[in-house]
Structure formats: C-alpha cells, structure tokens
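Notes for the one structure printed next.
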Amino acid sequence: MNVVTAKEMQELDRRATAEYGIPSLLLMENAGAETVREMLSAFPALLRSRVVILCGRGNNGGDGCVVARHLLNRGARVETFLLARPRDVTGDARVNLEILEKQGATPVEITGAGDLAALAERIGSADVVVDALLGTGAQGPAKGILAEAIELVNRAGRPVVAVDLPSGLTADDPEPPGPAIRATLTVTFALPKRSLLLYPAAAFAGTVRIVDIGIPPALRREPEIPLGLLEAEDVAPAFPRRDPAAHKGTYGHVLVIAGSVGKAGAAALASLAAQRAGAGLVTLAVPHSLNDILEVKLTEVMTEPLPETEERTIGREALDRVLHLAEGKSAVAIGPGLGTHPSTQKLVRELLPSLRLPIVLDADGLNALAGQAEVLGQAAGPVILTPHPGELSRLLGVARDEVLRKRIPLAQEAAARFNAILVLKMAHTVIASPKGKAVIVPTGNPGMATGGTGDVLTGLILGLLAQGVEPGLAAQAGTYVHGLAGDLAAERLGQEAMLAGDLLEHVPEAIRQVKEGRQSGNLATRQLGN
Numbered sequence: 000m001n002v003v004t005a006k007e008m009q010e011l012d013r014r015a016t017a018e019y020g021i022p023s024l025l026l027m028e029n030a031g032a033e034t035v036r037e038m039l040s041a042f043p044a045l046l047r048s049r050v051v052i053l054c055g056r057g058n059n060g061g062d063g064c065v066v067a068r069h070l071l072n073r074g075a076r077v078e079t080f081l082l083a084r085p086r087d088v089t090g091d092a093r094v095n096l097e098i099l100e101k102q103g104a105t106p107v108e109i110t111g112a113g114d115l116a117a118l119a120e121r122i123g124s125a126d127v128v129v130d131a132l133l134g135t136g137a138q139g140p141a142k143g144i145l146a147e148a149i150e151l152v153n154r155a156g157r158p159v160v161a162v163d164l165p166s167g168l169t170a171d172d173p174e175p176p177g178p179a180i181r182a183t184l185t186v187t188f189a190l191p192k193r194s195l196l197l198y199p200a201a202a203f204a205g206t207v208r209i210v211d212i213g214i215p216p217a218l219r220r221e222p223e224i225p226l227g228l229l230e231a232e233d234v235a236p237a238f239p240r241r242d243p244a245a246h247k248g249t250y251g252h253v254l255v256i257a258g259s260v261g262k263a264g265a266a267a268l269a270s271l272a273a274q275r276a277g278a279g280l281v282t283l284a285v286p287h288s289l290n291d292i293l294e295v296k297l298t299e300v301m302t303e304p305l306p307e308t309e310e311r312t313i314g315r316e317a318l319d320r321v322l323h324l325a326e327g328k329s330a331v332a333i334g335p336g337l338g339t340h341p342s343t344q345k346l347v348r349e350l351l352p353s354l355r356l357p358i359v360l361d362a363d364g365l366n367a368l369a370g371q372a373e374v375l376g377q378a379a380g381p382v383i384l385t386p387h388p389g390e391l392s393r394l395l396g397v398a399r400d401e402v403l404r405k406r407i408p409l410a411q412e413a414a415a416r417f418n419a420i421l422v423l424k425m426a427h428t429v430i431a432s433p434k435g436k437a438v439i440v441p442t443g444n445p446g447m448a449t450g451g452t453g454d455v456l457t458g459l460i461l462g463l464l465a466q467g468v469e470p471g472l473a474a475q476a477g478t479y480v481h482g483l484a485g486d487l488a489a490e491r492l493g494q495e496a497m498l499a500g501d502l503l504e505h506v507p508e509a510i511r512q513v514k515e516g517r518q519s520g521n522l523a524t525r526q527l528g529n
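Position 43 of the sequence shown, counted from 1, bears residue number 42 in numbering that gives the first Met the number 0, the numbering being contiguous throughout.
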C-alpha cells in the first residue's frame, strides 16, 4: 500500500476527477459517510451521544459537514461549529455547508476570541468531538482561533475523531509544527499519509483507519509513489511451503561473526533468531575465550573459536579463518556484540571486499565503518545494513536529529550511496532499497526498546537469506516478523516486562500469522481492493 504526501494525495484526487470522471463532490460525500461508519464502529452508543463537530473553511470542513448531515439523518444529537466566516467557504465545502443549512442545522459561527468560552463549554460537555478543521493541505503551524480551538479540544480530554488527519499536523512531516489535535481515532482517506506513520506525529493520531472513498485502485497503486506501507501479504512469499523431502542442508548454512567479552548474549540471540527464521544450519564464530560459554548456552548452534585481541574481541588475525568458514555458506552476519577494538574494526573492513555472499551488517559491524563508509562500495556481495538513527548518523556524517527529521530521504540516500538495503531501526522502521523505493513497517511496540532486540532482527534476516530469499524481501519479511513477534510478546507479557529472548519464543506464531495473511501493526486497514 502506498503512503502519500499531501501533494501526492492531491494529485490522486485530481486524477480521479480528470481521468475517471469521478466528481470531487462524490469523493467528499464518500469521505464523510465512511467517517461516520467508522465512528459507529468505534463508539457503539454514538447515536445516543452528544457529538460536537468542528469545521474549518476548506475541504476538511466540507467533510465535517457531510459527517454532521449523516449523523443528523440517523437521529444523533449533533452541534456543528464553523471556525470561519461562511462567505469564506467555497467549492464542494460550500455545497455541503448549504445542504446542512437547508436541513435547519446551520453551524454556529466561531470567528473571534469572544466565542471561545461558549465553544469550550460545548466541547467539554460532548461525548465525542469531530475534528474537521484542517486537512492534508495544511502547511505550517495552526494559528489564531484555530490554534486556540485545538488547545480547547486537547484540554477537554474528550474522545476525538480526526477527519483524514489530526488538525495541526502536516501530512508529510514527523514533527508537528505547532499545537495539534490528540485524536482517539483518525479516519484517513484512500491511503495513509506520511505523518500518520512517523513519530512523534503518529502519536497524535490514535487508532488509524484507512477507508475507501472511491479513488480507483489503479491510482492508489501508482508505482511512482516512492513510499509504501508493508503488509503481511507483501512478505508472505518469504515463507513458502516446505519441501516434504527437505533435509537440513536444503535451508542453508549461515555464519554469524559476533560477540566479545560481556556481549556473548548478542551473539547467542542472533544465532538463535537465524534458526527461528528457518535456517537449516548456523555456525557462530566468536572470540576464543567465549567459545566454551556459548557451547554450554547453545544446543542447536555450532560454534567456532577465533583468535582474539587483548580485550577479548575477534582480532584481525582471524581473517583467513573467517574466510575459510565462509566457504559454502549461504549468508553472513557481522556485528552483534562484536566490540570496537581497532583490530576488530580492521577485520570487518577487510571482510567486506572478500565475502562473495549476502551480508547483514549490524551494530559494531556498522560502527567499524564510521568515517570509512566508502568501504561499502567495495563489498563483493549484496549488503543489508541495519542501523539505528545514531549509527546511520555516523555512517552519513550528519547529526542524529537530522536523521530523525529526515529519516525517509536520508534512508533512501544512504541505500543509494552504499548500494545496500538499509533497515533504519526505530518506531515504525524504514526500509530503503538502492533504487529509491522505501517502505514503513507498521509492526512493533515500545516493549522492544530493550537490549538484544536488534540482534534478533539481524538473525531473522540472516535466516531468510539462508533459504535463498532475495535480500530486499528478506529484510522486509525479517523486520515485519520481528515487530509482529514483539507485538505478540507484548500482548502476552505486557510491554514493560519484555526481554529480547521473548521475541524468539513468539517468532513461530508471527510467521504462522504472516502465512495466513493476517494484517498487523498499529494501523487497522479496511480492505481497499486488489
């Protein structure tokens, strides 16, 4: 499913009318009707409730007028307020305002500070508030009476339904530019907007429902839109039915280069995750002094001791041994708990041009390239990078805050620059390909903000590579399942009590749900058609 900017959504609306002859008034009618449908689902007592609807002067306000009409027609108690002068309302919004007026439900005009006290009283006594003040076309911070109305709604603490986008957010940006509605439910039209998926803006949206308003499927699937939302059906091909005649060699043999003193757990988690993802065989290469510990800890994983530095990290002297171990392997992971000793970092940089295998590079494997990221251009095989924002900032030589503000374009830039699949780990992870296409992963939750979950992700991606899954799909499927396993763990254990190892226990159920085609994540999507 595509994820759109304000400009992209406006173009799809325009094309629906210009190329397909769908009246824009019909799109507005559908938008309002679908919003009411979702409200009735979310609030079963809605028709016995007091509903306050706040409308702006633009098309979002027109959507609000349609919502008001449909609720009135169903017998609901509705009060509608127009935060503009009626003469300033034009186009389709004007048509729907006049219909409402002809029904004897003329909105109360709110245009000055003197009107706000009465508005605050009505909002405070409402059972549900509908926010139809500003839509996807809004740019910059809300000002004047609109900003004051937003603050009134937030202070009242009533359930809020945002029409298309919480007012005060822009459709494109992860940071609210000013005061913004904190919605309980956001009903967004046709396709999700970027800010509904990008934190901290996404936190203002509450539950998000994506509804069909009549934009033709061919437009919704527009291939030129560079950002998508990952869904279960997108990653299910990574988990085909297994061959009844298979043996352990059928599903690949991977090598994990990981671990240092104090970080043996990272190596163990990555190795076990590769097996949970379906790899037939896993060999874990670790510093010599950690080998006995991991032999005891791991039953199914084979281990290989390597020459180590005085800090008990894998040393540059291990290069030939590692290259020998890599012979006949399906893929390699480098980095979990590896350490930052100069000799270890030199080993990483010399391995990249020498390994003609898919490589997953994580954690200290990435840190070894800080200031020397050009080494990635020498990689002999396909590379998947899995940085968090701090690691990506070091790779690109930019501030971490800039990565957070510009996460999508910088992920796309890094993927193209390094000719790698880039998995930018954060709330709603972004995965970018060298060709410029990126996807947002909707699975995952704050309970995964604990040590070791990144190592599990590395192993899951590696395990899929072991089975011959194409690198881009392996990154997407591994990340989706990783987040879904976290969601399942949180459901059973609670977010506060989760450990990285809990994800491993829930990977089998996560894979089963993906194979069954169940959707997951924080967005509940209505089927939009094929």
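Every residue gets a Cβ at the ideal spot worked out from N, C-alpha and C, and that includes glycine.
So for residue i, helix, strand or coil by DSSP?
i    : result
R393 : helix
N418 : coil
N1   : strand
N529 : Note that N529 has pLDDT 25, beneath the 50 cutoff, so the model's placement of it is unreliable and no number is given.
K192 : strand
M535 : Since the first and last residues shown for the chain are 0 and 529, residue 535 lies out of range.
S353 : coil
M8   : helix
D163 : coil
T339 : coil
E373 : helix
P239 : coil
P286 : strand
L360 : strand
H252 : strand
A330 : strand
N521 : Because the pLDDT of N521 is 44, which lies under 50, any placement of that residue in the model is unreliable, and the number read from its coordinates should be weighed accordingly. Coil.
A137 : coil
R157 : coil
L492 : helix
E307 : strand
T34  : helix
V321 : helix
A182 : coil
D96  : Reading the sequence as shown, one finds Leu at residue 96 and not Asp. L96 falls in the helix class under three-state DSSP.
I believe residue i touches residue j by the beta-carbon criterion, under 8 Å. Please report the beta-carbon distance rounded to the nearest angstrom.
i    : j    : result
I358 : V331 : 5 Å
V255 : A273 : 7 Å
E80  : V50  : With the sequence shown as reference, residue 80 is identified as Phe, and Glu is not the correct amino acid for it. No, F80 and V50 are not in contact; Cβ-Cβ is about 11 Å, not under 8 Å.
H252 : G327 : 7 Å
V455 : L268 : 5 Å
A319 : L337 : The sequence shown places Asp at residue 319, not Ala. That belief does not hold up - the Cβ atoms of D319 and L337 are roughly 18 Å apart, past 8 Å.
L24  : G55  : L24 to G55, Cβ: 18 Å. No contact.
V606 : D130 : Given a span of 0 to 529 for the chain in the structure shown, any question on residue 606 remains unanswerable.
R315 : V260 : Rounded, the Cβ-Cβ distance is 17 Å, inconsistent with contact.
V506 : V468 : No, V506 and V468 are not in contact; Cβ-Cβ is about 15 Å, not under 8 Å.
Less than 8 Å between the C-beta atoms of residue i and residue j, yes or no?
i    : j    : result
V162 : N59  : yes
A200 : P222 : no
L394 : A372 : yes
R219 : L195 : no
V207 : T185 : yes
L483 : T442 : yes
R84  : A125 : no
A92  : G57  : yes
R348 : V382 : no
P470 : L464 : yes
A379 : L354 : yes
G74  : M27  : no
A278 : A266 : no
L365 : G334 : yes
P388 : V397 : no
A284 : L324 : yes
L226 : V2   : yes
In the DSSP output, what is residue i paired with across the bridge?
i    : result
F80  : L53, V107
A131 : C54
G227 : N1, V438
M301 : T282
L530 : Residue numbering for the chain in the displayed model covers 0 to 529; residue 530 lies beyond these limits and cannot be assessed.
Just to confirm, does residue i get its C-beta within under 7 Å of one of the non-hydrogen atoms of the ligand ATP?
i    : result
L168 : Questions concerning the ligand ATP fall outside what the structure shown contains, since it holds no ligand whatsoever.
Q) Does the segment 408-423 come close enough to the segment 296-307 that 3 or more CB-CB pairs lie under 8 Å? A) no
Q. Would you say the segment 233-253 touches the segment 197-213, given that touching needs at least three Cβ pairs under 8 Å?
A. no
Q. Any chance the segment 429-447 sits against the segment 397-411, with 3 or more Cβ pairs inside 8 Å?
A. yes
Q) Within the chosen definition, does the segment 130-144 reach the segment 96-106 through at least 3 CB pairs nearer than 8 Å? A) The segment 130-144, when compared against the segment 96-106, does not touch it at the 8 Å Cβ threshold.
Q. Can we say the segment 12-31 touches the segment 52-68, given the rule of at least three CB pairs closer than 8 Å?
A. yes
Q. Just checking, does the segment 167-181 make contact with the segment 137-157 on the three C-beta pairs under 8 Å criterion?
A. Here the segment 167-181 makes contact with the segment 137-157; the two share three or more CB pairs at distances below 8 Å.
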